Amino acid sequence: MNRIDLKFKRLKAEGRSALITYICAGDPTLHITYELVLELERSGADIIELGVPFSDPIADGPTIQRAAQRSLKHHTSLSDILELVRKIRQKSQVPILLMTYFNPVYQFGLEKLARAAAGSGVDGFIIPDLLPESGREISRILRKHKVDPVFLVSPLTSSKRLGMINRNSSGFVYYVSVTGVTGARAGLPRDIAQRAPELKKMIKKPIAVGFGVSAARQVAALSAWFAGVIVGSAIVSIIEKNIGKKDLVAKVGRFVKSLKS
Amino acid sequence: MLPDKNGYFGIFGGKYVPETLVPALEELAAIYRQVKNDVVFKKELHYYLTTYAGRPTPLYFAKNLTLLYGGAKIYLKREDLAHTGAHKINNTIGQALLTLRMGKKRIIAETGAGQHGVAVATVAALFKLQCDVYMGAEDIERQKLNVYRMQKLGTKVIAVTSGTQTLKDAMNEALRDWVTNVRTTHYMLGSCAGPHPFPLIVRDFQAVIGREAKKQILRVEKRWPDYLLACVNGGSNAIGLFYPFYNAKKVKFIGVEAAGAGMNKPHTAATLSKGTIGILHGAKSYLLQDKDGQVSPTHSIAAGLDYPGVGPEHSYYKYTGRAEYVSATDQEALAAFDLLAQQEGILPALESSHALAYLRKLAPKLDHNKIIIVCLSGRGDKDMEQLKEKSNIKMTIYDPK
Ligand SMILES: Cc1ncc(COP(=O)(O)O)c(C=O)c1O
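Sequences listed follow chains A and B, in order. Quick note on numbering: the first sequence equals residues -11 to 249 in my numbering. Quick note on numbering: the second sequence equals residues 2 to 402 in my numbering.
Written as structure tokens, this is what we have:
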């Protein structure tokens, strides 16, 4: 069992859902990302997604696009981020997944990346432009190194595909709550509650729901249905508004605490 | 038959998209499979291509240019004479008919030079579809005329200010729109790029160029050409000309990419010459990128060639040696533009001027009995404003002496 499996198992025993928080590595600097990850964990995040910036993030809305741009301004690379995770591992065993697009992964080299990721303490990868059928090779290689490939399900995914995605994912399955890109939304689609039972029937792994979740009441509502709730853009916006301020890390921490209440 | 059922041309192509787009791509592939050999569909397509778009376009023997270069016979496939002024209309009429069959009421598109955007806006008006076109802010500036044309046709042009503000970023934004509105919207991709089945569909709709050229050259020359020459961005005009000749192995294919200010400069748009294999906008193909896999900024004077990627079928042609890919600089393209205007009385698009520029290297060294067909993919009216502003640049005219 890796850190992700253990975490979901423990949470299940406690009858809780995972709060999964996304930040973009290197936004605004890798050092602040380091402090942010530790603060996120202290503030109640159960699992961390670290964004690896890509020049052309087609699944992201403006907030995360800007974060990636800020990070790329100082050429943050996948190697830098693996190094960062290695450093975090000296202090924390919080499960960490890297979220990026397929091209940076492909350029790094699949085998080399899987080995390096496992060595640094990365627990999984989420690659929104990679379908399980296009990702057979990387899934096999990641699993060989005990790193989880997490695939996504959308509101339009057919039930036939749900089974296939279930089989190809490890750790958990990412349910994209809306048709659209990342970004905070005031309301969540009404069909989520209706969709959850079908998803749970076909998917035998924990399901985490993301895209658009930004407030404590949404987290609470979704926790009733899903094993994990993912918050990204809302946190990234707080980082953006507080760049250059001394209390950036503390402010992010306060916000994450508020999500749990 | 390529692509295979998963959309691969050898190792290139495929489907690298968010899960949300899978049903739409499957629906598109299914509807296309259904109508591809359907007599009613083919008749309807033929009807619009002939009565509306003005096909077949002429194959013109460029006598003055041939004499000037003093080598091979040069023929121009006159896509500039198709309705809206470029080959792009071949694809948009086809995709519009697919859109109607899917029952979708809204279309979106990306555009660089604005020629694809205008062709999309045109079919939107013709078939009563709501239409939004994404265009990079820099391209809006250099192809203003096409922006007005799209607006007059009833299309909303949305300026994209992210990234390099050119075609790549317009495509990012169009994909984001599609992921959001996929239930009601068809993404009318403008080149033989993107995820499967776009490279297949766009190639098939553009193949009318090569099918006509084949018949036309047989009629006048009683034989097939020796060389086919076309500019390549995504590569739709080139693949349209090349593909019907694929099995005629003696016919050589040459694609011309944009070298910008020169191949030794950091920013070109010569993907097949300078790129490495990567994944952008839904397909595996050659790509201009850095060692970390970040996509490189590009430069070309021609907005319609200013893109770091290329269609997967061209990557396959390069990889297997079926086609050769070369490049032409901004200055060479400008010179070729002037030359065609002065020799033949034709103003070519700056994109097509890149293909014409390579004639200078190719035609003189070939025998008089050799035949070159150049795809004159579009007309240059759209570029006049940009050229006027650049008229302080000294343009060199080719002098054979
Ligand atoms: C006239 C003309 N030719 C060529 C192109 C390049 O596209 P493709 O490589 O798909 O033919 C464009 C694109 O805007 C164009 O407007």
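The C-beta atom is built at its ideal place from N, Cα and C for all residues, glycine as well. Predicted, not measured: the structure shown is a model, and the values here were computed from it.
Cβ distance (whole Å) where residue i is taken to contact residue j below 8 Å
{"i": "Leu85(A)", "j": "Phe113(A)", "result": "6 Å"}
{"i": "Pro198(B)", "j": "Gly8(B)", "result": "6 Å"}
{"i": "Glu20(B)", "j": "Leu119(A)", "result": "6 Å"}
{"i": "Ala259(B)", "j": "Ala303(B)", "result": "6 Å"}
{"i": "Val134(B)", "j": "Thr112(B)", "result": "6 Å"}
{"i": "Val224(A)", "j": "Cys12(A)", "result": "6 Å"}
{"i": "Ser328(B)", "j": "Ala271(B)", "result": "4 Å"}
{"i": "Met103(B)", "j": "Glu27(B)", "result": "Their Cβ separation, rounded to whole angstroms, is 11 Å, which puts Met103(B) and Glu27(B) out of contact at 8 Å."}
{"i": "Leu340(B)", "j": "Gly381(B)", "result": "Wrong, their Cβ atoms sit about 12 Å apart, outside the cutoff."}
{"i": "Leu210(A)", "j": "Val219(A)", "result": "Wrong, their Cβ atoms sit about 10 Å apart, outside the cutoff."}
Within-8 Å CB hit, residue i to chain B
{"i": "Tyr22(A)", "result": "no"}
{"i": "Thr145(A)", "result": "yes"}
{"i": "Asn91(A)", "result": "yes"}
{"i": "Asp44(A)", "result": "yes"}
{"i": "Ser15(A)", "result": "The sequence shown places Asp at residue 15(A), rather than the Ser named in the question. It does not; no Cβ of chain B falls within 8 Å."}
{"i": "Gln182(A)", "result": "no"}
{"i": "Gly168(A)", "result": "yes"}
{"i": "Pro116(A)", "result": "yes"}
{"i": "Val161(A)", "result": "no"}
{"i": "Gln78(A)", "result": "no"}
{"i": "Ala47(A)", "result": "yes"}
Whole-angstrom distance between residue j and residue i, CA atom to CA atom
{"i": "Gly430(B)", "j": "Tyr326(B)", "result": "Absent from the structure is residue 430(B), since the part of chain B shown begins at 2 and ends at 402."}
{"i": "Glu174(B)", "j": "Ala160(B)", "result": "10 Å"}
{"i": "Gly86(B)", "j": "Ile240(B)", "result": "18 Å"}
{"i": "Val121(B)", "j": "Lys(-5)(A)", "result": "51 Å"}
{"i": "Thr123(B)", "j": "Leu146(B)", "result": "15 Å"}
{"i": "Leu101(B)", "j": "Lys44(B)", "result": "15 Å"}
{"i": "Ala204(A)", "j": "Gly379(B)", "result": "55 Å"}
{"i": "Arg220(B)", "j": "Gln207(B)", "result": "21 Å"}
{"i": "Ser146(A)", "j": "Trp213(A)", "result": "20 Å"}
{"i": "Gly305(B)", "j": "Leu7(A)", "result": "46 Å"}
{"i": "Leu360(B)", "j": "Lys64(B)", "result": "14 Å"}
{"i": "His268(B)", "j": "Lys193(A)", "result": "46 Å"}
{"i": "Tyr244(B)", "j": "Val40(B)", "result": "22 Å"}
{"i": "Asn156(A)", "j": "Leu230(B)", "result": "45 Å"}
{"i": "Gly115(B)", "j": "Met136(B)", "result": "8 Å"}
{"i": "Phe10(B)", "j": "Phe246(B)", "result": "17 Å"}
{"i": "Phe160(A)", "j": "Ile226(A)", "result": "27 Å"}
{"i": "Thr51(B)", "j": "Ala83(B)", "result": "10 Å"}
{"i": "Arg284(A)", "j": "Val233(B)", "result": "Residue 284(A) cannot be examined here, being either before or after the span of chain A that is shown, -11 to 249."}
{"i": "Ala358(B)", "j": "Val158(B)", "result": "32 Å"}
{"i": "Tyr320(B)", "j": "Lys78(B)", "result": "27 Å"}
{"i": "Asp334(B)", "j": "Thr167(B)", "result": "Just to set this straight, residue 334(B) is Ala in the shown sequence, not Asp. Rounded to the nearest angstrom, the two C-alpha atoms are 20 Å apart."}
{"i": "Asp307(B)", "j": "Asp179(A)", "result": "42 Å"}
{"i": "Tyr318(B)", "j": "Ile280(B)", "result": "17 Å"}
{"i": "Ala204(B)", "j": "Leu150(A)", "result": "Just to set this straight, residue 204(B) is Arg in the shown sequence, not Ala. Approximately 32 Å, taken between the alpha carbons."}
Continuous alpha helix (DSSP H) stretch holding residue i: start and end
{"i": "Gly241(A)", "result": "236 to 248"}
{"i": "Phe90(A)", "result": "90 to 96"}
{"i": "Thr123(B)", "result": "116 to 128"}
{"i": "Ser274(B)", "result": "272 to 275"}
{"i": "Lys64(B)", "result": "64 to 70"}
{"i": "Gln332(B)", "result": "331 to 345"}
{"i": "Val180(B)", "result": "168 to 182"}
{"i": "Gln96(B)", "result": "89 to 103"}
Span of the beta strand (DSSP E), counted from its first residue to its last, around residue i
{"i": "Ser286(B)", "result": "284 to 288"}
{"i": "Tyr33(B)", "result": "Premise fails: Tyr33(B) lies in the alpha helix (DSSP H), 23 to 37, not in any beta strand (DSSP E)."}
{"i": "His63(A)", "result": "From DSSP, His63(A) is part of no beta strand (DSSP E); its letter is neither H nor E."}
{"i": "Glu111(B)", "result": "107 to 112"}
{"i": "Phe160(A)", "result": "Note, Phe160(A): premise wrong, no beta strand (DSSP E); not H, not E."}
Minimum Cβ-Cβ distance from residue i to chain A less than 8 Å
{"i": "Lys292(B)", "result": "yes"}
{"i": "Ser163(B)", "result": "yes"}
{"i": "Glu314(B)", "result": "no"}
{"i": "Val296(B)", "result": "yes"}
{"i": "Gly104(B)", "result": "no"}
{"i": "Lys6(B)", "result": "no"}
{"i": "Pro24(B)", "result": "yes"}
{"i": "Ile108(B)", "result": "no"}
{"i": "Gly15(B)", "result": "yes"}
Quiz item: Do the stretch 98 to 106 of chain A and the stretch 52 to 65 of chain A meet, that is, are 3 or more Cβ pairs less than 8 Å apart?
Solution: no
Practice problem: Flag this pair as touching only if the stretch 72 to 92 of chain A and the stretch 38 to 46 of chain A have three or more C-beta atom pairs under 8 Å; answer yes or no. | Solution: yes
Quiz item: Touching or not, the stretch 46 to 60 of chain B and the stretch 207 to 218 of chain B, by the rule of three or more beta carbon pairs under 8 Å?
Solution: yes
Quiz item: Between the stretch 362 to 380 of chain B and the stretch 67 to 74 of chain B, do at least 3 Cβ pairs fall closer than 8 Å?
Solution: yes
Quiz item: Touching or not, the stretch 178 to 195 of chain B and the stretch 12 to 27 of chain B, by the rule of three or more beta carbon pairs under 8 Å?
Solution: yes
Practice problem: Please confirm if the stretch 126 to 145 of chain A is in contact with the stretch 8 to 27 of chain A, defined as three or more CB-CB distances below 8 Å between the two stretches. | Solution: no
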